[in-house]
Every structure is written in C-alpha cells, then in structure tokens.
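Chains as they are written, first to last, in this note's numbering: chain F, 52 to 402; chain H, 16 to 400; chain L, 21 to 365. For each residue, glycine too, the CB sits at the ideal point set by N, CA and C. As the structure is a prediction and not an experimental result, all values here were calculated from the model. Heads up: the structure comes next, in structure tokens.
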Amino acid sequence: MARATTTEFDDADGETVLEVRDVEVTFDMARGRARVLDGIDLDIKRGETLAFVGESGSGKTMLASTLMNAVFDPGVATGEVLYYPEDGEPVDILDLNQRQLNRLRWEEIAMVYQGAMNAFNPTQDIGTHFKETFDAHDVDRQDGLERARDLLRELNLEPQRILDSYQHELSGGEKQRALLALSLVFDPEVLILDEPTAALDLLMQRNILSILYDIQERYDLTLVFITHDLPVVAGFADRLAVMYAFDIVEFGEARDVLLNPDHPYTRLMLRSTLDLTMPLDEARTIEGETPDPINVPQGCPFHPRCPAADDRCEVEEPELRSEQGSDHEVACFYPDIGRERIPVTLEEDEI
Amino acid sequence: MSAETDADHVGDTDEPLLSVENLTVEFGDESALLEAVPARVKDRMGWDPSRLRAVDDVSLTVEPNDVVAVIGESGSGKTTLGKSAIGLEEPTSGQVRYRGYDIWELRRRKQIDDLRFEDARKALQIVHQDPGASLNPYRTLMSILKEPLSRWYPDMSNADRRERVLELLDECGLTPPLEYEDRYPHELSGGEKQRVALVRSMLVEPDLILADEPVSALDSSLRVEIMDLMLELQDLFDTSYIFVSHNLEHARYIANRADGRIAIMYLGEIVEIGPAEEVIRNPKHPYTKILKWATLPKHPDRAREAIAEDIPLRTLDVPDLVEPPSGCRFHTRCPQAHEVCRTDPPDLIGSNGGHSAACFREDPDHEYWESPSLDEDGDRDIMGR
Amino acid sequence: MGTDTEGSESPSAFEATADYEQTTLDYLQEQLDSWVIAPTKILWDDYRGRFGILVIIFYILMGTVGVVLVPAPETNMGPRLVQPFQNPQFILGTDGLGQGLLSLMVHSTPAMLKMIISGAIFANLLGVTFGLIAGYRGGTTDKAIMTFTDTVAAIPGIPLLIILAAIIEPRNPFLVGILVTIQGWAGSARVIRSQVLPLADEEHVEAAKALGQPNSNLLVKEILPHLLPFIFIGFLGRATRVISASVGLYFLGVLPFSSQNWGVTLNSAFNSAGIMYSTRAAHWLLVPLVTIVGLTLGLTLLAQAFDQVFNPRVRARHRRGDRGTRDIDEPTDTADAQGEVTSIR
Numbered sequence: 052m053a054r055a056t057t058t059e060f061d062d063a064d065g066e067t068v069l070e071v072r073d074v075e076v077t078f079d080m081a082r083g084r085a086r087v088l089d090g091i092d093l094d095i096k097r098g099e100t101l102a103f104v105g106e107s108g109s110g111k112t113m114l115a116s117t118l119m120n121a122v123f124d125p126g127v128a129t130g131e132v133l134y135y136p137e138d139g140e141p142v143d144i145l146d147l148n149q150r151q152l153n154r155l156r157w158e159e160i161a162m163v164y165q166g167a168m169n170a171f172n173p174t175q176d177i178g179t180h181f182k183e184t185f186d187a188h189d190v191d192r193q194d195g196l197e198r199a200r201d202l203l204r205e206l207n208l209e210p211q212r213i214l215d216s217y218q219h220e221l222s223g224g225e226k227q228r229a230l231l232a233l234s235l236v237f238d239p240e241v242l243i244l245d246e247p248t249a250a251l252d253l254l255m256q257r258n259i260l261s262i263l264y265d266i267q268e269r270y271d272l273t274l275v276f277i278t279h280d281l282p283v284v285a286g287f288a289d290r291l292a293v294m295y296a297f298d299i300v301e302f303g304e305a306r307d308v309l310l311n312p313d314h315p316y317t318r319l320m321l322r323s324t325l326d327l328t329m330p331l332d333e334a335r336t337i338e339g340e341t342p343d344p345i346n347v348p349q350g351c352p353f354h355p356r357c358p359a360a361d362d363r364c365e366v367e368e369p370e371l372r373s374e375q376g377s378d379h380e381v382a383c384f385y386p387d388i389g390r391e392r393i394p395v396t397l398e399e400d401e402i
Numbered sequence: 016m017s018a019e020t021d022a023d024h025v026g027d028t029d030e031p032l033l034s035v036e037n038l039t040v041e042f043g044d045e046s047a048l049l050e051a052v053p054a055r056v057k058d059r060m061g062w063d064p065s066r067l068r069a070v071d072d073v074s075l076t077v078e079p080n081d082v083v084a085v086i087g088e089s090g091s092g093k094t095t096l097g098k099s100a101i102g103l104e105e106p107t108s109g110q111v112r113y114r115g116y117d118i119w120e121l122r123r124r125k126q127i128d129d130l131r132f133e134d135a136r137k138a139l140q141i142v143h144q145d146p147g148a149s150l151n152p153y154r155t156l157m158s159i160l161k162e163p164l165s166r167w168y169p170d171m172s173n174a175d176r177r178e179r180v181l182e183l184l185d186e187c188g189l190t191p192p193l194e195y196e197d198r199y200p201h202e203l204s205g206g207e208k209q210r211v212a213l214v215r216s217m218l219v220e221p222d223l224i225l226a227d228e229p230v231s232a233l234d235s236s237l238r239v240e241i242m243d244l245m246l247e248l249q250d251l252f253d254t255s256y257i258f259v260s261h262n263l264e265h266a267r268y269i270a271n272r273a274d275g276r277i278a279i280m281y282l283g284e285i286v287e288i289g290p291a292e293e294v295i296r297n298p299k300h301p302y303t304k305i306l307k308w309a310t311l312p313k314h315p316d317r318a319r320e321a322i323a324e325d326i327p328l329r330t331l332d333v334p335d336l337v338e339p340p341s342g343c344r345f346h347t348r349c350p351q352a353h354e355v356c357r358t359d360p361p362d363l364i365g366s367n368g369g370h371s372a373a374c375f376r377e378d379p380d381h382e383y384w385e386s387p388s389l390d391e392d393g394d395r396d397i398m399g400r
Numbered sequence: 021m022g023t024d025t026e027g028s029e030s031p032s033a034f035e036a037t038a039d040y041e042q043t044t045l046d047y048l049q050e051q052l053d054s055w056v057i058a059p060t061k062i063l064w065d066d067y068r069g070r071f072g073i074l075v076i077i078f079y080i081l082m083g084t085v086g087v088v089l090v091p092a093p094e095t096n097m098g099p100r101l102v103q104p105f106q107n108p109q110f111i112l113g114t115d116g117l118g119q120g121l122l123s124l125m126v127h128s129t130p131a132m133l134k135m136i137i138s139g140a141i142f143a144n145l146l147g148v149t150f151g152l153i154a155g156y157r158g159g160t161t162d163k164a165i166m167t168f169t170d171t172v173a174a175i176p177g178i179p180l181l182i183i184l185a186a187i188i189e190p191r192n193p194f195l196v197g198i199l200v201t202i203q204g205w206a207g208s209a210r211v212i213r214s215q216v217l218p219l220a221d222e223e224h225v226e227a228a229k230a231l232g233q234p235n236s237n238l239l240v241k242e243i244l245p246h247l248l249p250f251i252f253i254g255f256l257g258r259a260t261r262v263i264s265a266s267v268g269l270y271f272l273g274v275l276p277f278s279s280q281n282w283g284v285t286l287n288s289a290f291n292s293a294g295i296m297y298s299t300r301a302a303h304w305l306l307v308p309l310v311t312i313v314g315l316t317l318g319l320t321l322l323a324q325a326f327d328q329v330f331n332p333r334v335r336a337r338h339r340r341g342d343r344g345t346r347d348i349d350e351p352t353d354t355a356d357a358q359g360e361v362t363s364i365r
C-alpha cells in the first residue's frame with residue numbers, strides 16, 4: 052500500500068487538484084486475478100508537474116488510465132479519484148456516468164496517450180478531428196477553430212496547413228504537436244501525458260519538452276508525466292514518483308529523489324540509466340525479472356532483486372513513509388543498507 | 016575451432032574486414048511497371064519519379080574486433096547504410112567489400128578465388144530492434160535456433176544440434192534450458208528475446224553483426240545487460256559490430272568500452288567520425304554538438320538548466336530527403352552557417368584515422384571565416400563553442 | 021578491449037554435442053506429436069472442434085464402412101414412400117421409387133467425399149501457390165499473376181459452371197470436384213498474397229535471409245506458418261462450397277446422374293409429383309437436406325476451432341496444461357501477462 056500524505060507537502064500553491072484514494076485495478080484473466088495497481092494513495096497539486104517513472108509492467112500507464120476512469124474491460128478499478136475543479140464541488144471520477152465523464156474528459160482533464168500520434172483517423176484531415184471534438188462537447192465550431200489556430204501557432208505550426216493535412220502528411224513532431232493542440236483546445240486543468248516523447252527523434256523530443264515546459268506556465272496546467280525515461284523528467288518534474296510492481300516505492304521532490312535516492316530500486320535504476328557524463332563502469336543492469344501481476348512476490352515485491360533484502364523483506368510489505376518532517380517518502384525497511392550497497396554517481400568529474 | 020571456413024584464409028591481411036566505398040543507395044517511388052523501364056529511356060521521356068537518396072556517397076571501414084556506432088535521427092540513412100554494409104540492401108552505386116571482395120559481385124559469381132558467397136553471407140549477420148518481430152512467433156526457440164545449424168552444419172546429427180542449442184540457451188542466461196526450448200517467443204520477456212536473437216546470429220560465428228537499435232525497444236535496466244552480452248560475445252568470437260542507434264548514450268557505452276568509433280549521420284552522409292570518447296567530449300560538427308546538447312542529463316540541476324535553453328537550431332524544419340539542401344546539407348538549420356556553406360559541400364576534415372568532421376570550421380584557412388553568416392544575428396554558440 | 025587472439029577458442033557451448041543418440045524413432049515421435057497429436061488435442065478441447073471431428077468421422081465411416089453394411093439402393097427394394105422410423109428395414113423410409121433413403125444417403129457419400137477432397141485440394145493448391153509467388157516476388161510477377169487471378173474471379177461463376185458441366189459432362193467425382201472449384205482458388209490467391217506481402221518484409225524473414233537461408237526455406241519455414249490458418253480454414257470453406265455447388269448442380273440437372281448424390285435425391289424429391297402439396301413425401305426431401313447441412317455444419321465448426329491450433333499462445337497454454345504440475349509463478353507467465361495486460365494501454 053502506498054500513501055503519499057497531503058499535509059506535509061506545503062507549498063505556496065499547495066492546493067490539491069486530484070486526490071487518489073486507495074485505488075486498485077484488477078483484471079480477472081484466465082490464469083488468475085491480476086492486480087495491476089495496488090492500493091495507490093496520492094495527491095496531485097494544482098500547477099505542478101508530477102512525474103511517474105517506471106519500467107514496462109510497473110503499472111504507470113494503468114494509473115494514468117484510472118485517473119480518467121478509462122480502464123478498459125475486463126479491468127475493474129476500485130477506490131476514489133477525487134477531482135477538485137477550480138470552482139465547484141469535488142467529484143469522484145470513478146463514480147461518474149458516461150455523460151459526465153465525456154464532459155470531464157477533455158474539458159477538465161485531457162490525456163495524450165502513448166502512441167497517440169497514430170490515433171488520428173487516416174481518412175480524415177486534422178481539422179475534421181477538431182471539429183468532431185467540438186461537436187462532441189457542444190462548442191461552436193468557429194470559436195473552437197479560432198482557439199485551435201491560436202494554439203497551433205503557439206506550437207510553431209502553420210494553422211491552416213495543419214488543419215488541412217491528413218495524418219500521413221505530417222512528420223512525427225508535427226503530429227505530436229497537433230495532438231497537444233487538440234488536447235489543450237478546451238483549456239483543461241490537468242494534462243496527462245503518457246510517454247509523449249517516446250517515438251520521436253532526439254531533437255524533436257527536446258523541442259516537445261521545451262514546448263511542454265512553456266505551455267505549462269502559460270496555461271497554468273497541472274502536468275502528469277508518465278515515462279520510463281528518467282532524464283526526460285529529471286529537470287522538468289516538481290515531484291517524482293517511482294513505480295515498481297504496481298505500486299509507488301519512492302515519492303518526493305524530484306530533485307531530492309534523484310540526488311538522494313532512498314529506495315534500492317531507484318538507486319539501481321539510476322545506475323542502469325545511461326547518460327553522457329556518468330562513469331561507464333558503474334553502469335549496471337538490474338538482475339531478475341519484473342513481476343507477473345498475477346504473482347507478485349510476497350512481502351516487498353522488490354525483494355527477489357534487491358541487494359539489501361533480508362528475511363523481513365520476504366514476508367512483510369513496507370509502507371510508503373517518510374522521515375520526520377520530510378516530504379521524501381520511501382517504501383523500504385533498509386534504505387541505509389541500500390545506500391551502502393548501491394553506489395550511485397550522477398556525473399563524472401569533467402577532465 | 017569448429018567450422019573453419021575458407022573465409023578465414025581469404026584475402027589480404029591488410030584488407031579491412033568490411034569496407035564501404037562511395038556507397039549510394041537510392042529508393043524509387045515508382046510503380047513496378049516503370050521500374051522495368053531502363054533508366055535512359057526514362058530520362059529521355061522525362062519520366063522522373065522522385066528518387067530518395069537514403070545514403071549518399073558514404074565510405075567507411077570496419078576492422079576485425081571493431082565497433083562502429085552509427086548515430087543519426089530518422090532519415091539519416093543509418094539503417095540503410097547498415098543493411099547495405101551486410102548485403103541486405105543493394106547499392107545503387109559504390110562498393111561493399113568483405114575482406115577485399117565486392118559482395119554483390121561475389122553473389123553473382125557465387126565464388127571468387129577461394130571465397131564462396133555463402134561464407135561471406137554467413138560472416139555478416141543482423142540483430143533487429145524489435146525482438147518480437149525478429150523471432151518467428153510460430154516457432155519454438157529450439158526450432159528457431161536449430162535452423163541455422165541445419166543450414167550450415169548439415170553433418171551434425173539432430174541430437175547434436177539440439178544439445179548445442181540447449182548449451183547456448185544456458186550460456187546466455189535462459190536456464191534451465193529444458194524449460195525454454197519448447198517456448199514460443201511470446202512467452203519470453205523483451206530482454207530474453209533479444210538475447211535469443213543475439214545468440215542466433217552468433218551461431219554461425221559471424222565476423223560482423225549489424226545491430227540495428229538492438230536495445231531501443233527494451234527497458235532501460237536491460238540495455239546495459241544486452242550491450243554487455245554483446246561485448247562478451249565480441250571477446251569470445253572476435254566479432255565486429257556496426258551499432259546503429261539514435262541514442263548517443265548507447266553509442267557511448269558500447270563504443271567506448273570496445274575502443275571503437277562513433278559516426279554521426281545526417282541526411283545520408285557521415286558528418287563526423289572519430290574515437291567514441293573523443294566525439295562525445297569534443298564534438299566538432301555543429302550537428303553533433305546539438306545532438307549532445309539535446310541529450311538530457313540525469314542530474315536534475317543540469318537537466319533543468321538544459322530544458323530552459325532554446326534549441327540552437329535556425330529552424331526546426333527537417334529538409335526533404337528527395338530534394339536535399341545544396342552545399343552543406345545542414346546549412347538550413349545550422350546556427351553557425353555562413354554563405355559558403357550554402358554553395359560548397361564540405362568533405363570530412365581532420366586527422367586521418369582520427370577524429371574528423373565535415374565542417375569548414377575545422378579548417379582555419381577556409382574562406383568560411385570570410386563568408387557572412389546566414390543568420391542575421393550572427394553565429395550562435397552551441398554548448399559554449 | 022583485450023581479445024583472445026589465440027586461434028579461436030569457442031566456449032564449450034558452441035562446441036556442444038549430444039551424449040546420447042536420438043533415434044529416428046524419437047524424431048518421428050516428436051514430429052508426430054507436434055503435427056498430429058497436439059493439434060488434435062487442442063481441437064478436442066474446443067466444443068466446436070469436438071463436434072466437427074465427430075461429424076467428419078461419422079461421414080467418413082458412412083462412406084467407407086457404411087457402404088459395406090448398408091445395401092445399395094435399387095428401385096423397388098421396398099414399398100414406395102415408406103415413412104421414416106416405421107419400418108426397421110428402411111429406417112429412414114423410402115422414396116417414390118422404392119429406394120431406401122438410408123441406402124441413398126450412404127452410397128452417395130463416397131463420391132461426395134472424393135469430390136470434396138479433390139476440389140478443396142485443387143483450389144487450395146492453386147490459390148496458395150499463386151498467392152505465395154505473387155506476394156513474395158512482388159513487382160511484375162505479382163502484377164501478372166494478380167491480373168490473371170482477378171480475371172478468373174470476374175467470370176460469372178454459375179453460368180461458367182453450367183457451361184463447363186454441359187461441355188465436359190464429368191462423371192468421375194474427382195473431376196467434378198475440380199470443376200466445381202475452377203474459380204474458387206482466385207479468392208484464396210488474393211487473400212494469401214495480401215498476407216504474404218507484409219510478411220516478406222518482416223524482420224524474422226530478413227534475419228533468416230542474413231543467415232543464408234535459401235528462398236525455399238524462407239517460404240516454407242518463415243512465411244508459410246503464418247499462412248497455415250488461412251490455408252486450413254480455406255480448405256474447409258472450400259469443402260463446404262464443393263458440397264453446395266455440386267449438390268446444386270445435380271439438383272439443377274446440369275451434372276449427369278451417373279452416381280448417387282444427395283443433390284440427385286433432392287432433385288428427384290423435388291420433381292416428383294406431390295412433394296409440394298402433401299407431407300407424405302416430405303421425408304424424401306428432408307433426409308438429404310439434413311445430410312447436407314450436417315456435413316457442412318461439421319466442417320464449418322471445425323474450421324472455427326482450427327484457428328486455435330495455429331495460435332502459438334494457445335499452443336503454449338495447451339502444452340503447459342499437458343505438463344500438469346507446472347506452477348503459475350513461472351517466468352513464462354510474466355511475458356504473457358505483460359503482453360496481455362500492459363500492451364493494451
């Protein structure tokens with residue numbers, strides 16, 4: 052069970068926009084019951100960039116889908132996802148009916164899926180996608196298109212050319228930006244991004260990140276950024292949640308988590324992530340396999356792969372908790388042993 | 016050693032293992048009917064379908080036990096270069112030589128001197144990016160891995176082949192092998208599949224393997240493992256690698272540890288090449304510098320600084336491959352481009368065999384320095400240079 | 021990197037040889053298991069497969085053993101229009117000519133089976149061959165073959181059959197089978213080709229090419245397995261079409277009445293006086309109808325079940341089921357779960 056408490060994180064802008072309470076997602080498959088999200092508790096602050104970092108099979112994408120109540124059949128989500136709009140009463144997203152959901156999605160919370168670049172209908176031009184979205188949300192087409200044009204311009208695209216194009220006529224970067232424009236067209240509060248830079252070339256990736264950085268400020272957005280690629284969010288995220296085996300294992304301010312990682316998995320992950328300045332002989336793989344959602348190991352799910360694990364870890368599951376007064380939470384019994392056994396250097400000294 | 020082939024004795028020992036000479040590979044956009052028409056007829060009639068030049072006059076040599084990491088974005092031609100180098104893509108012009116022998120001529124003639132085409136074919140292998148696609152989903156691991164053995168060692172008994180496959184599975188960490196032999200690819204994780212693909216290519220003891228983005232589809236924690244495996248196998252078999260990637264960090268890891276080189280490609284040309292650590296620490300070509308700049312660090316403070324910076328490109332627009340820019344192809348986007356860059360294409364300048372870049376800035380006497388900047392605000396620094 | 025350049029010292033793994041003898045018998049057993057036993061078990065597990073298998077066995081028995089056990093139909097072997105289930109000697113009754121309906125059905129079966137086999141095999145062979153070559157070669161070969169295929173497909177089917185039947189007057193059931201599917205292969209060719217086209221570019225095909233496999237090997241080992249579902253299901257679909265086409269043609273009187281055929285019986289039943297106006301001869305019509313529908317249904321359900329045989333995931337699950345004692349928490353399941361769960365975002 053992971054709990055990230057609200058009260059300790061007191062920022063000037065400490066307002067919560069999304070509250071996740073004991074959210075669990077299970078799938079009943081032929082082989083058994085798979086728990087792909089394991090009792091997550093979390094608060095997302097208005098205006099922040101919260102990054103979820105984890106590898107494939109960690110549950111991060113499922114979490115994103117749950118925030119929009121978009122878990123597909125036969126998955127079942129339990130718990131609460133409370134959304135606090137700027138004015139109005141909080142609503143439990145998991146409780147909304149289809150009509151309410153349709154209104155909430157896109158107007159309040161928008162999501163850019165992984166591989167969404169190919170979600171454009173190849174037989175319709177981009178403009179039509181926009182128009183259909185306006186119709187679905189009862190917005191006047193002309194007004195909507197004007198807003199769309201503004202957005203496209205801000206994203207360094209020629210509005211009319213893009214609106215007239217079909218998806219195959221656009222490059223990866225253009226598609227991704229068009230998609231961003233589409234997701235921002237109703238001025239949502241929250242934007243969820245699932246691997247928005249994964250399929251892009253290096254320079255375009257950088258470009259999209261800069262764009263996201265800008266628009267977050269300009270539109271006062273709360274960004275939920277999901278990725279397996281740590282460096283992408285290292286400089287971007289305000290807070291960082293590390294996910295493993297369908298649960299949050301470490302959580303706190305991004306800078307703190309990256310410079311003082313407490314959980315052995317975080318440390319091992321940092322060590323296995325290559326960049327241009329780290330000492331090469333320190334790069335190590337993480338031994339073992341990612342757990343099967345049907346058969347998550349007993350006790351701490353990471354124990355089979357953990358260099359700091361002992362008998363206790365095999366039977367007891369650690370709770371996500373922090374030291375006194377700190378915002379940095381970790382689900383581990385022996386973070387100090389982890390620190391000892393897993394050295395992490397973020398950069399080499401320049402020659 | 017088993018299966019010593021004539022290929023081991025062939026050719027001059029002075030010849031590089033693989034030599035790509037003035038390689039150009041073009042793809043046409045034409046219908047099959049039009050393809051059948053001879054080129055001069057097409058010219059005469061003015062039928063000029065758009066030809067895409069994926070690789071333009073590229074030369075590269077690879078030595079035994081070498082690693083060359085070819086880095087570029089999409090459209091750079093890196094994959095085409097790789098595939099042409101191992102004979103899976105036919106050149107439009109230029110040569111690909113294995114130990115001195117032109118491999119396409121070898122293919123036509125089946126054998127030249129002591130070298131049979133078969134042996135050359137065996138010596139050049141490929142590992143793909145997506146292990147899910149590179150293993151036939153309808154076959155069990157045993158079946159997949161026995162296949163090359165059946166092809167190349169027909170005298171081996173079926174039992175021997177099976178045993179060898181089992182030992183191999185064990186060797187690359189798929190233990191206990193008896194549990195794995197009947198499995199289908201979908202039952203393996205991404206990392207396991209890629210290990211199988213790697214081992215498969217090693218079965219024929221190749222001299223060179225084209226690794227086409229072999230770790231890009233894997234989780235970050237697995238990448239080091241696979242690259243380490245590649246390096247181990249290199250030690251055991253003296254195999255060279257052409258490592259194609261869009262990722263500088265991967266290139267750094269593998270090329271560095273093997274004392275290899277990194278080559279940077281842009282729009283079908285090699286714009287910089289040199290020893291791995293050199294190219295990373297002191298990139299010479301503006302494009303390389305920008306790639307380095309764009310590669311985000313893990314350190315949160317550096318990363319934050321980096322994000323706040325503007326991309327040092329004159330324009331984000333990627334040029335059309337069908338009609339590439341004149342002169343230096345990078346001039347349309349280069350923040351340090353001058354007039355002369357628009358008209359004259361630069362050759363690779365630099366110490367022979369060392370670190371070279373196709374940029375006039377490497378030549379202190381070039382007229383580049385007199386030529387006006389293409390940017391009205393003058394040259395922009397990239398990473399402080 | 022430091023390298024060991026002392027000759028080439030391969031590790032033992034690459035030198036490994038077996039220390040037991042695998043006999044030819046073992047090998048054959050392996051093949052049998054993979055090609056016959058496992059698929060049969062998979063089909064049996066599926067209710068449709070089970071039904072289909074039983075139906076086919078039934079009809080085969082009818083056409084082989086039945087022919088021996090049941091007397092051949094003759095006119096006036098019994099009283100006319102005996103009702104079914106009345107007379108133990110003529111359990112399905114008799115027709116207007118006094119022929120036992122059971123005898124008629126049973127003795128039509130061998131010819132029908134022959135037609136099905138020849139027709140389905142012929143159509144499939146042509147279709148797969150053309151489709152494979154066209155898809156794999158591409159370019160002009162592809163266009164040439166497809167133009168030919170499309171032309172054949174475009175010829176109006178029924179008139180063609182009627183004309184050919186009238187000209188050739190085939191009596192041999194094998195010939196009838198081929199005649200009846202003379203156009204059928206065109207559809208398969210198209211389908212197979214469209215499957216082969218993307219396959220030819222697949223990475224595992226490219227890897228096999230790099231490993232020096234000749235084209236024949238590529239086609240058979242890398243590409244064909246993907247096509248097997250289409251081929252088998254196509255075969256069964258073709259079979260049902262042979263049934264309906266031949267029955268139809270016999271019913272129309274276009275094909276010469278040389279041998280017994282369910283369609284012939286239908287024809288007689290239909291043309292005989294009174295069938296439309298009284299129920300006395302109803303069984304004469306119904307019995308062949310049920311026989312025809314029965315086989316068609318069996319084949320169709322079998323085809324549906326066949327899809328599972330080729331699916332490697334089903335095969336894997338099935339194989340694990342066989343070993344019984346395997347625990348769930350094995351690495352195999354990880355990938356399966358990941359594939360099934362996380363790949364669908």
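Is it the case that the Cβ atoms of residue i and residue j are separated by a distance below 8 Å?
i: H/Pro312; j: F/Pro282; result: yes
i: H/Tyr425; j: H/Gly109; result: Residue 425 of chain H falls outside the range modelled here, since chain H spans only 16 to 400, and no answer is possible.
i: L/Ala164; j: L/Ile253; result: no
i: L/Leu315; j: L/Gly72; result: no
i: F/Asp271; j: F/Gly98; result: yes
i: F/Leu235; j: F/Ala161; result: yes
i: L/Arg210; j: L/Thr169; result: yes
i: H/Pro106; j: H/Gly147; result: no
i: H/Val410; j: H/Glu338; result: Outside the shown range of chain H (16 to 400) lies residue 410 of chain H, about which nothing can therefore be said.
i: F/Leu404; j: F/Leu242; result: This structure cannot speak to residue 404 of chain F, because chain F is shown only from 52 to 402.
Looking at the unbroken beta strand (DSSP E) that takes in residue i, where does it start and where does it end?
i: H/Tyr256; result: Ser255 to Ser260
i: H/Phe375; result: Segment: none, H/Phe375 is in no beta strand (DSSP E) and carries neither H nor E.
i: H/Ile285; result: Glu284 to Pro290
i: L/Asp327; result: Note, L/Asp327: premise wrong, no beta strand (DSSP E); alpha helix (DSSP H) at Ala302 to Phe330.
According to DSSP, which residues form a beta bridge with residue i?
i: F/Leu291; result: F/Ala102 and F/Gly303
i: F/Leu242; result: F/Ala161 and F/Leu274
What does residue i reach in chain C if we use C-beta pairs closer than 7 Å?
i: F/Glu340; result: This model lacks chain C altogether, as its protein chains are F, H and L.
Within the same chain, show all residues whose beta-carbon is closer than 6 Å to that of residue i, passing over the 5 residues directly before and after it, in chain order.
i: H/Leu181; result: Pro192
i: F/Thr341; result: Gly108
Which first and last residues belong to the alpha helix (DSSP H) in which residue i is found?
i: F/Leu251; result: Here F/Leu251 belongs to no alpha helix (DSSP H), and DSSP marks it neither H nor E.
Take every Cβ of the region 281 to 292 of chain L, pair it with every Cβ of the region 119 to 132 of chain L, and state whether three or more of those distances are shorter than 8 Å. Yes, the region 281 to 292 of chain L is in contact with the region 119 to 132 of chain L.
Are the region 319 to 332 of chain F and the region 341 to 350 of chain H touching, with three or more C-beta to C-beta distances below 8 Å? Contact between the region 319 to 332 of chain F and the region 341 to 350 of chain H is absent, because fewer than three Cβ pairs lie under 8 Å.
Three CB pairs or more closer than 8 Å across the region 66 to 73 of chain F and the region 128 to 137 of chain F: Result yes; three or more Cβ-Cβ pairs closer than 8 Å.
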